[in-house]
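Number of protein chains: 2
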Amino acid sequence: MARTIVIVGTLDTKGEEIGFIRDFIEQKGHKALIVDGGITGSVPFAPDISRDEVAGAAGKTLAEIVSLGNEGAAIATMADGAAKIVHTLYNARSVDAIIGVGGSMGTSLGLAAMKHLPVGFPKLMVSTIAFTPLVTVDTMAMDQMMMQSPVDLWGLNVVTRRILESAAAAIVGMAEASERIVVEKPLVAITTRGILKYVNWIKPMLEERGYEVVVIHAVGMVGGKTLETVARHKMLCSVLDLCIGEVIEELNGGALRAGSDRLEAAGQMGIPQIVAPGSMEFWHWPGSVDTAPKDRKLHIHNPLVLGVKATTEEMVQAARTVAEKLNRAKGPVTFLFPLLGFDAHDQPGGAFYDPEGRAGFLAALKAAAGPNIKLVELNLHINDKAFADEVVSEFDKVIAGSPSCQTQ
Amino acid sequence: MARTIVIVGTLDTKGEEIGFIRDFIEQKGHKALIVDGGITGSVPFAPDISRDEVAGAAGKTLAEIVSLGNEGAAIATMADGAAKIVHTLYNARSVDAIIGVGGSMGTSLGLAAMKHLPVGFPKLMVSTIAFTPLVTVDTMAMDQMMMQSPVDLWGLNVVTRRILESAAAAIVGMAEASERIVVEKPLVAITTRGILKYVNWIKPMLEERGYEVVVIHAVGMVGGKTLETVARHKMLCSVLDLCIGEVIEELNGGALRAGSDRLEAAGQMGIPQIVAPGSMEFWHWPGSVDTAPKDRKLHIHNPLVLGVKATTEEMVQAARTVAEKLNRAKGPVTFLFPLLGFDAHDQPGGAFYDPEGRAGFLAALKAAAGPNIKLVELNLHINDKAFADEVVSEFDKVIAGSPSCQTQ
């Protein structure tokens, strides 16, 4: 079946490259739909969606965009227009995949057009700056595919032809296999980290009950941020948010921040959630070991991952923030509190063992939690098998009242 | 034609994911060749290359690797073994593409297996940490393709199935289109940056003469570092290394460093080179604007790209380093010196205009350059059309004595 693949780029500077990808796609029997985000310079051939149409989708004329006099602002406006066009095509089920090609300007254009397309929709950016610090994770889609061009995209040569052919072949392969995700079994998300064990028990127990389990590695922008996005896409029937350490990261400028709206999406969408304070006794230093505070307990996981013990005050503040977020939830919330420890570091002999901090967290949580939060204190460590059993037992109770969580 | 695709990963933790990709590949009529880099845990099915064979390729037994007692060192050794096996397969022309799948351990394993495979050979890593700071550009192949898994790879579910299917479809598409790069026209590489203009003139002049031109954006590890690697792969007949700013970056800890061996590969391989001091009057600050030295001239290209004017002393040191590197070249070297300026910043009214620094650079270069270097002073700015004409004129002379640079 012929598929339609969007190519987004700037025809004035990358016309040869875009034409090469188009030809490959058409030779494979598919349709290429070129969206031109270029601003100045001449166009070697007519695209399917012109720069004027892209500017128009952003609510401007091309002349207005050029008159911004700032290349960065201009490309951001064109990116906005391109993204709107691509979303309209997606919603009309008129496209099956998207590929972008560019240097620094084309990359920002292409990534913007891809960023908010749903998970599972094939999206590939071929870029000369794919893995430089110029491209940050917050500019990308959650399931972004990126290909580094080893040489500059400055016309076709024996190297760029091979790279572009490979990229075109990849997007054609993906377009041919492209399917929208259809959730058949009710889907439950669990957040965790390597220092937490409950998934090993909870996952098979839920699967036996007929659920599918998505595991979220709660490590920031590619972790808890994903949970928030997937929840907003209405894919989840329940959230077991048992590792919410990204909240304390956010409050203290930690390296694993997932944005200020972490722990909010499930509540906003009314999705039943069971929450626990996994990894809420520390956060990650965003610099090298030698710049870390000398007066804190530290845990060096590897040279890039450096845990810093939170103070009781920081933990109290985190508890208040957690309560404030959960108080606003539109769905049921159960908070399971493992009195004996928050992760493998927080146990006798562990790097961050802290009964006092835990007690401070609990007191603050109790004081700030509204009546919608069911708070259950368990005389267990979060890594005990019995804790996992309690989570599943609570899950069984909570989802009894949730139609979207019923299995066949 | 059936193709062979290597799948590299750890069967103990990613068995389901690897099996899923294998099944997709086989359903498309191709052969999957599984290389298991796992160390502990049980194996759900037998791979084509076992963990014992991988350990053996690294010159160890699996027991020796386990007894290292350090997960990082163990996976590095397995990565070394996997890379050796993959290279043997490549050299025997037994493989057409490689895909890796993993979390942080599997990603380090997969990237190591891919890193030294030639440019143009399809290489895709599906990773839960693709765009985190844990993955740095020096761990990747020059034309690496990476796909971010939006959720943890912890068994199959409706999300991971779609992601893995898309990835498998991409690598199958690339394998089907896979060809080794065959250089038909003599290939000339030119280094440049956005503040340099000569490529606009030189490229068409060389193409008229029957050459192919590869443009290298000299911005560090994905820039000049590539030139060095491509030169070592014997793909180039001549190098026009007219933007060597990465040398002064390296000396001063700049953000656009390309390694300490920059400006050496062409010389080592005996490739004729024409060199000019493009962008040798400044380097890039590796931190934010507020941490930059207050006593230097600065140029903010964008919030991430901050130029710092080099002192005359730094320029003199750079000239000595350049001379020392070029003195060791086994092929002909011409150094074209544009007396009126090194790039668009170094002209009257420019942010880094510096006749004094340039004079210091020239004097130091003259003092340190050996007899093999032909040094030509030109009363031109590097962005003058006449400078580009001089480069091409010199190229015509130099390649007259170079059999690999003769066009049909």
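These protein sequences, in sequence, are chains H and Y. For the record, in the first sequence the residue sitting at position 165 is 165 according to the working numbering, with numbers rising by one throughout. To get the working numbering, take the position in the second sequence, counting from 1, and add 1000. Glycine included, every Cβ here is placed at the ideal spot set by N, Cα and C.
Around the Cβ of H:Ile399, a 10 Å sphere holds 16 or more other Cβ atoms; the residue is buried. In terms of Cβ geometry, H:Phe282 and H:Ala310 form a close pair [threshold 8 Å].
Among the residues of the segment 219-243 of chain H, those with a Cβ less than 9 Å away from any Cβ of chain Y are Val219, Gly220, Met221, Val222, Gly223, Thr226, Leu227, Thr229, Val230 and Met235, in the order of the chain. Our two residues, Y:Ala1266 and Y:Val1247, have alpha carbons roughly 15 Å apart in a direct line. Considering only H:His284, H:Thr312, H:Thr291 and H:Glu313, the residue with the shortest C-alpha distance to H:His299 is H:His284. Taking a cut-off of 8 Å on C-beta distances, the segment 110-128 of chain H does not touch the segment 1101-1111 of chain Y, as fewer than three cross pairs fall below it. Going by DSSP, H:Asn302 is part of no alpha helix (DSSP H) but of the beta strand (DSSP E) stretching over Leu298 to Asn302. At a C-beta separation below 8 Å, H:Thr128 has these neighbours in chain Y: His1217 and Val1222. Taking the beta carbon of H:Ala177 as reference, the chain Y residues within 7 Å of it are Glu1165, Ser1166 and Ala1169, listed in sequence order. Inter-residue distance for H:Leu240 and Y:Met1146 is about 29 Å (C-alpha atoms, whole angstroms). Between the alpha carbons of H:Asp52 and Y:Ile1171 lies a gap of roughly 36 Å. Under a criterion of Cβ atoms nearer than 7 Å, the residues of chain H adjacent to Y:Leu1134 are, in order, Leu304. When the five nearest sequence neighbours on each side are left out, no beta carbon in the same chain lies closer than 7 Å to the beta carbon of H:Val182.
Around H:Pro150, the beta-carbon contacts reaching into chain Y at under 7 Å are Val1119, Met1142, Asp1143 and Thr1226.
In summary, the residues of the segment 40-73 of chain H whose CB is separated from some CB of chain Y by less than 7 Å are Gly72, in the order they occur in the chain. No Cβ of chain H is located within less than 8 Å of the beta carbon of Y:Phe1337. Rounded to whole angstroms, Y:Lys1031 and Y:Thr1004 show a C-alpha spacing of 5 Å. Annotation: Cβ neighbours of H:Phe131 in chain Y (cutoff 9 Å, chain order): Phe1131, Val1135, Thr1136, Val1137, Met1140, Gln1144, Met1146, Met1221 and Val1222. Between the beta-carbon of Y:Val1376 and that of Y:Leu1336 there is about 5 Å, and that keeps the pair under the 8 Å contact cut. Buried is the label assigned to Y:Pro1186, since at least 16 other Cβ atoms lie within 10 Å of its Cβ. Closest in alpha carbon position to Y:Asn1383, among Y:Leu1242, Y:Glu1249, Y:Ala1369 and Y:Gly1287, is Y:Leu1242.
The shortest C-alpha to C-alpha distance from Y:Glu1313 to any of Y:His1301, Y:Val1305, Y:Met1280 and Y:Leu1339 is the one to Y:Met1280. For Y:Gln1148, the number of other beta carbons within 10 angstroms of its own is at least 16, and it is reported as buried.
Contact between the segment 1206-1218 of chain Y and the segment 194-214 of chain H is absent: fewer than 3 CB-CB pairs across the two stretches fall below 8 Å.
In the DSSP assignment, the residues bridged to Y:Glu1212 are Y:Leu1187.
Under DSSP, H:Val308 takes part in a beta bridge, and its partners are H:Trp283 and H:Leu298. Inter-residue distance for Y:Ala1258 and Y:Leu1251 is about 11 Å (C-alpha atoms, whole angstroms). Under the Cβ distance rule, H:Leu263 does not count among the residues neighbouring chain Y, no pair being separated by less than 8 Å. For H:Thr334, the enclosing beta strand (DSSP E) begins and ends at Val333 to Pro338.
For H:Val54, the closest of H:Gly81, H:Ala189 and H:Ile190 by C-alpha to C-alpha distance is H:Gly81. Leaving aside the five residues that flank Y:Met1221 on each side, the residues in its chain whose CB is nearer than 7 Å to its CB run, in chain order, Val1137, Asp1138 and Ala1258. The segment 359-369 of chain H and the segment 325-342 of chain H touch, with three or more beta-carbon pairs separated by less than 8 Å. Within the same chain, and ignoring the five residues on either side of Y:Gly1253 in sequence, the residues whose Cβ sits closer than 7 Å to its Cβ are Pro1286. Comparing alpha carbon positions, the residue from Y:Glu1176, Y:Pro1371 and Y:Arg1358 closest to Y:Leu1378 is Y:Arg1358.
For Y:Glu1176, the secondary structure class from DSSP, reduced to helix, strand or coil, is helix. The segment 220-283 of chain H is shown to contain whole alpha helix (DSSP H) runs of 4 or more residues at 224-232, 245-251 and 265-269, in chain order.
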